[in-house]
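Trainee: Got a structure for you, written out below as structure tokens; questions coming shortly.
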Amino acid sequence: MNDETQQRLPGWLHADLPHTPRAGRVDRILAAHGLDTVCREARCPNRGACRDAGTATFLLLGRVCARGCAYCSVTRGAPSPPDPSEPARLAAAVRDLGLDYAVVTAVTRDDLPDGGAGAFAAAIHNIRSESPRTLIEVLVPDFLGDARAARAVAQARPAVFGHNLETVEALFPSLRPGGGYARSLSLLSDIKKAFPRLPIKSGLMAGLGETRAQLRAALQDLHAAGCDLVTVGQYLRPAPDRAPVRRFLPPDEFEDIRLEALGMGFAAALCGPLVRSSFGARDLALTMIAG
Numbered sequence: 377m378n379d380e381t382q383q384r385l386p387g388w389l390h391a392d393l394p395h396t397p398r399a400g401r402v403d404r405i406l407a408a409h410g411l412d413t414v415c416r417e418a419r420c421p422n423r424g425a426c427r428d429a430g431t432a433t434f435l436l437l438g439r440v441c442a443r444g445c446a447y448c449s450v451t452r453g454a455p456s457p458p459d460p461s462e463p464a465r466l467a468a469a470v471r472d473l474g475l476d477y478a479v480v481t482a483v484t485r486d487d488l489p490d491g492g493a494g495a496f497a498a499a500i501h502n503i504r505s506e507s508p509r510t511l512i513e514v515l516v517p518d519f520l521g522d523a524r525a526a527r528a529v530a531q532a533r534p535a536v537f538g539h540n541l542e543t544v545e546a547l548f549p550s551l552r553p554g555g556g557y558a559r560s561l562s563l564l565s566d567i568k569k570a571f572p573r574l575p576i577k578s579g580l581m582a583g584l585g586e587t588r589a590q591l592r593a594a595l596q597d598l599h600a601a602g603c604d605l606v607t608v609g610q611y612l613r614p615a616p617d618r619a620p621v622r623r624f625l626p627p628d629e630f631e632d633i634r635l636e637a638l639g640m641g642f643a644a645a646l647c648g649p650l651v652r653s654s655f656g657a658r659d660l661a662l663t664m665i666a667g
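So this is what it looks like as structure tokens:
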């Protein structure tokens, strides 16, 4: 698929980027606290809708990632040292935005001894101090397989613990060369065993060249690892030097995948062309938390 084809998106993949007073307020609050969002750094197609809804997914530990995944637009290189004031600034932004549900993620920081786990825990504690009623979802990296680092985040008691598998086993080496398919599953499994009541979440991308059988196997592996919540969305190439889109899945196929996931035993599944792991996170989580 060439670059020209990459730009010919099906109609169902066009998303509006509203510039409403509410969206502007979100931008001003984020800027005032000097915060980054994964919405912008990852060029998420839903960033307009989320800003208009008064929310954003917060990005910890800077905007430079230690890895170079083939599908991601986040800048890769040598990250700067962590800013110790960042968790408090993030908590202040959550307070000022009046969020009842906050999603916190981070770039991968293989350069840090704890992989950034301490920053996640600090963010959770600070948010809870500023906004006691706010539910917090974390989306963590694989911490190079360090179970202690992952457990340190879970011990801070987020409402949902997330780590994205992202792709099927056959494509993992080429798309996520710094990670490991088994490593990611092991991280999820370890957290579920250590914290059985903590909802575990993961996400997959479709359209990177995987087969339906491979996608089905990845979903089965996630469920076997103890994953409760799952998202599946269409991969969109964020830049010409990133992995190409191999196929655009129609909405009805995503619905088939959702029903398939529910049939495997997931507590909830959100699947669709514009679905991303943080999009609709509150509603997806509440289907399990409320239950």
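Take any residue in the sequence shown, count from 1 to its spot, add 376: that is its number in my numbering. Glycine included, each C-beta is placed from N, C-alpha and C at the ideal position.
What did DSSP end up calling residue 587 once you bin it into helix, strand or coil?
Mentor: coil
Trainee: Taking the straight line between their C-alpha atoms, what separation do you get for residue 541 and residue 561?
Mentor: 7 angstroms
Trainee: Should residue 605 be labelled buried (16 or more other beta-carbon atoms within 10 Å of its own) or exposed?
Mentor: Only buried fits residue 605, as 16 or more other CB atoms lie within 10 angstroms of its CB.
Trainee: Using beta carbons (cut-off 8 angstroms, strictly below), is residue 613 in contact with chain D?
Mentor: Absent from the structure: chain D. Only one protein chain is present.
Trainee: Check each candidate in 592, 626, 650 and 659 and name the one with the smallest Cα separation from residue 639.
Mentor: 592
Trainee: Tell whether a beta-carbon distance below 8 angstroms holds between residue 535 and residue 570.
Mentor: no
Trainee: Answer with buried or exposed for residue 398, where buried requires no fewer than 16 other C-beta atoms within 10 angstroms of its C-beta.
Mentor: exposed
Trainee: Quick one: Cα of residue 588 to Cα of residue 620, how far?
Mentor: 18 angstroms
Trainee: Mind checking residue 384: buried by the 16 CB within 10 Å criterion, or exposed?
Mentor: exposed
Trainee: Take residue 602 as the anchor and find which of 567, 435 and 636 has the nearest alpha-carbon.
Mentor: 567
Trainee: Buried or exposed for residue 478, please, with buried defined as at least 16 other CB atoms from any protein chain shown within 10 angstroms of its CB.
Mentor: buried
Trainee: Is it right to say residue 461 is buried, meaning 16 or more other beta carbons lie within 10 angstroms of its own, or is it exposed?
Mentor: Exposed.
Trainee: Helix, strand or coil: how does DSSP classify residue 654 here?
Mentor: coil
Trainee: Enumerate in chain order the residues of its own chain whose CB-to-CB distance from residue 545 is below 8 angstroms, with the five nearest sequence positions on each side excluded.
Mentor: 557, 590, 593, 594 and 597
Trainee: Less than 7 angstroms between the CB of residue 588 and some heavy atom of the ligand FAD, yes or no?
Mentor: Absent from the structure shown: the ligand FAD. Ligands present: none.
Trainee: Short check: CB of residue 609 to CB of residue 582, under 8 angstroms?
Mentor: yes
Trainee: Decide if residue 417 is buried, meaning its Cβ has at least 16 other Cβ atoms within 10 Å, or exposed.
Mentor: Reliability fails at residue 417, whose pLDDT of 46 lies under 50, so the model's placement of it is uncertain and the value that follows must be treated cautiously. Residue 417 should be labelled buried.
Trainee: Would you identify the three-state DSSP class for residue 537, choosing helix, strand or coil?
Mentor: strand
Trainee: Have a look at residue 617 and residue 473 and give me their C-alpha separation to the nearest angstrom.
Mentor: 35 angstroms
Trainee: Using DSSP with H/G/I as helix, E/B as strand and the rest coil, what is residue 398?
Mentor: helix
Trainee: Give the secondary structure of residue 579 by DSSP, where H, G and I count as helix, E and B as strand, and everything else as coil.
Mentor: strand
Trainee: For residue 452, which beta-bridge partners are listed by DSSP?
Mentor: 441
Trainee: In terms of residues, what are the limits of the beta strand (DSSP E) holding residue 669?
Mentor: No answer is possible for residue 669: it lies beyond the span of the chain, which begins at 377 and ends at 667.
Trainee: Taking only three categories from DSSP, how would you classify residue 641?
Mentor: coil
Trainee: Mind reading off the beta-carbon distance from residue 456 to residue 438? Whole number of angstroms is fine, and I expect it under 8 angstroms.
Mentor: Between residue 456 and residue 438, the beta carbon gap of about 5 angstroms places them in contact (Cβ cut-off 8 angstroms).
Trainee: Please classify residue 586 as buried or exposed, where buried requires at least 16 other C-beta atoms within 10 Å of its C-beta.
Mentor: It is buried - the Cβ of residue 586 has at least 16 other Cβ atoms within 10 Å.
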